[in-house]
Amino acid sequence: MKPDISPIEDIYFLLKKNYNNLLMHEKKVPFFAKIVKQNHLKSNIQVIANFWNDILFDTLLYR
Numbered sequence: 236m237k238p239d240i241s242p243i244e245d246i247y248f249l250l251k252k253n254y255n256n257l258l259m260h261e262k263k264v265p266f267f268a269k270i271v272k273q274n275h276l277k278s279n280i281q282v283i284a285n286f287w288n289d290i291l292f293d294t295l296l297y298r
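When you number the sequence shown by the numbering used here, it's gap-free, plus one each residue, and the end is 298.
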């Protein structure tokens, strides 16, 4: 049995892995080109991680 995710680091890791996979598909890259070009992907992933952390663990990180 695989362990449940718990800290925000687990959520961040999963999101980062997912986005890295998306960026390897040439048909999907155009949707993220502006974010990647402006070097905002890392901060966007953190915002999404905060959102999911709030939903899953009833925290107040998302702004």
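The C-beta atom is built at its ideal place from N, Cα and C for all residues, glycine as well.
Run through DSSP, which three-state label would tyrosine 297 get?
coil
In angstroms with no decimal places, state the Cα-to-Cα distance between tyrosine 297 and glutamate 261.
31 Å
Nearest-angstrom Cα distance between proline 242 and asparagine 285?
11 Å
Taking the straight line between their C-alpha atoms, what separation do you get for glutamine 281 and tyrosine 247?
7 Å
For the putative contact between isoleucine 290 and leucine 250, defined by C-beta atoms under 8 Å, what is the C-beta separation to the nearest angstrom?
No, isoleucine 290 and leucine 250 are not in contact; Cβ-Cβ is about 13 Å, not under 8 Å.
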